[in-house]
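Residue 351 is where the sequence shown ends in our numbering, and the numbering goes up by one at each step.
Idealized CB from N, CA, C, for every residue including glycine.
All figures in this text were calculated on a predicted structure; none of them were measured in a lab.
Read the structure below first, then the notes.
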Amino acid sequence: MFKSLIVILFGLSVALPGAATQKFIWLTDSSPDQQPQQYRQALDVNGVTLDLLMQGISDFQAEPVQTTTERAMAMLKTEASACAGNRLKNAERLTFSYATAIPHTVFPGLRLYSKSSSKTTAWLKQQLNDQQQLSLQHLLKSDHKLHFAVGGGRSYGEQLDTLLKQPQWQHKFWQRRSVDMSAGLIDMLVQGRVDLLIEYPNVMQHYLAQQSTDTQLTSFSIQEAEPYMLGYILCAKTPEGQQLTEFFQQRLRNLSQQKHYLEAHLAWVDAADREQLTLLYNQVFGTSF
Numbered sequence: 063m064f065k066s067l068i069v070i071l072f073g074l075s076v077a078l079p080g081a082a083t084q085k086f087i088w089l090t091d092s093s094p095d096q097q098p099q100q101y102r103q104a105l106d107v108n109g110v111t112l113d114l115l116m117q118g119i120s121d122f123q124a125e126p127v128q129t130t131t132e133r134a135m136a137m138l139k140t141e142a143s144a145c146a147g148n149r150l151k152n153a154e155r156l157t158f159s160y161a162t163a164i165p166h167t168v169f170p171g172l173r174l175y176s177k178s179s180s181k182t183t184a185w186l187k188q189q190l191n192d193q194q195q196l197s198l199q200h201l202l203k204s205d206h207k208l209h210f211a212v213g214g215g216r217s218y219g220e221q222l223d224t225l226l227k228q229p230q231w232q233h234k235f236w237q238r239r240s241v242d243m244s245a246g247l248i249d250m251l252v253q254g255r256v257d258l259l260i261e262y263p264n265v266m267q268h269y270l271a272q273q274s275t276d277t278q279l280t281s282f283s284i285q286e287a288e289p290y291m292l293g294y295i296l297c298a299k300t301p302e303g304q305q306l307t308e309f310f311q312q313r314l315r316n317l318s319q320q321k322h323y324l325e326a327h328l329a330w331v332d333a334a335d336r337e338q339l340t341l342l343y344n345q346v347f348g349t350s351f
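Printed below as a string of structure tokens:
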């Protein structure tokens, strides 16, 4: 009996370290297993920052799952241990998820893009207000027949979301729902299938660099858009999700103060925009790089 007890205790001592590791689903729109022939090289914000967040961590193990934004939000409602990074935080999403108090990412705010040679661009320049901004509400109310490309299930910030959800303007929005959503939306604009696209400058720069044709685009500041975007980590509203949120919060608190986390952000923008992004980063995270 004593010998049997030793065997049992030894078995437990071997099993415990593995049992202590909590696996969780990391919902992302990019994956190392994606098919290059199907998708352009994605802007892998989630993958790069996740690697930094998980360095030296043995208590948690991430299992990346590539999915659309809509599907990611649905899985946060059904999966006990699931998180999604680089997501806008809004009232609707907080009904089914926890969000880190500290941002996961920071980037310059959304802008409105049109083809430079189009009649739409010439008309838009006449609609600028005294702050050299365009009001999306004004554009939607105008008689000008405009078609916007938007991402299905995506959040554009509180003010823009309110406008984009108005039923009387749904015929103006062409929605795309796919894993390669941003690349596809940009294609719609470049190919002339839509007149306008609301997107982040760093995302535009990344995907336009992979275009085979050199299409000139003009961008405009949007009155209803935030000056910069803060992406957060959202986790399922479960005990497991709360534990993961607290874990990521602590990691972000420490990692955001290190220069290599800033450098990961700078790698996603053109050289000309890095000074502005560094200023934003310092403002958001209280650093002085």
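Phe351 versus Asn148 - alpha carbon distance:
22 angstroms
Give the range of the beta strand (DSSP E) segment to which Asn152 is assigned.
No beta strand (DSSP E) holds Asn152; DSSP gives it neither H nor E.
Go ahead and label Gly293 buried or exposed: buried means 16 or more other beta carbons lie within 10 angstroms of its beta carbon, across all protein chains shown.
buried
Take Gln237 as the anchor and find which of Gln230, Val256 and Phe169 has the nearest alpha-carbon.
Val256
Please name the residue in Gln189, Leu222 and Tyr218 whose C-alpha comes closest to that of His206.
Gln189
Straight-line CA distance for Gln232 to Tyr262?
22 angstroms
Leu270 bridges to which residues according to DSSP?
DSSP output for Leu270 lists no bridge partner at all.
For Tyr218, which three-state DSSP category applies?
coil
Three-pair Cβ contact test at 8 angstroms for the region 288-306 versus the region 129-142:
yes
Check each candidate in Lys187, Pro126 and Ala144 and name the one with the smallest Cα separation from Ser283.
Lys187
Could you compute how far the alpha carbon of Thr307 sits from the alpha carbon of Leu222?
27 angstroms
How about Thr182 and Leu258: are their beta carbons less than 9 angstroms apart?
yes
For Asn316 and Glu201, the rounded distance between their alpha carbons
Sequence inspection shows Leu at residue 201; the Glu mentioned does not correspond to that position. Taking the straight line from one Cα to the other gives about 43 angstroms.
Are Ala134 and Leu89 close, meaning C-beta to C-beta below 9 angstroms?
yes
Straight-line gap, Thr349 to Ala161 (C-alpha atoms, nearest Å):
22 angstroms
Start-to-end residues for the alpha helix (DSSP H) that takes in Tyr323
Lys321 to Leu328
Quick check: the region 154-169 against the region 330-348, are at least 3 beta-carbon pairs closer than 8 angstroms?
yes
If contacts are defined as beta-carbon pairs under 8 angstroms, then Thr277 and Lys177 qualify, I think. What distance do you get, rounded to the angstrom?
7 angstroms
Which of helix, strand or coil does DSSP assign to Gly293?
strand
Could you spell out the range, first to last residue, of the alpha helix (DSSP H) harbouring Val107?
Val107 to Met116
Drop a sphere of 10 angstroms on the beta-carbon of Glu286, count the other beta-carbons inside from all chains shown, and report buried for 16 or more, exposed for fewer.
buried
Using 9 angstroms as the threshold, is the C-beta distance between Gln117 and Phe86 below it?
no
Can you tell which of Gln194, Leu150 and Pro170 has its C-alpha closest to the C-alpha of Ala334?
Pro170
Ends of the alpha helix (DSSP H) at Thr280?
Unbroken run through Thr280 is the beta strand (DSSP E), Leu279 to Ile284; no alpha helix (DSSP H).
Short Cβ contact (9 angstroms threshold) for Gly303 with Ala142
yes
Taking the alpha carbon of Leu279 as the reference point, which residue from Ser179, Ala184 and Tyr218 has its own alpha carbon closest?
Ser179
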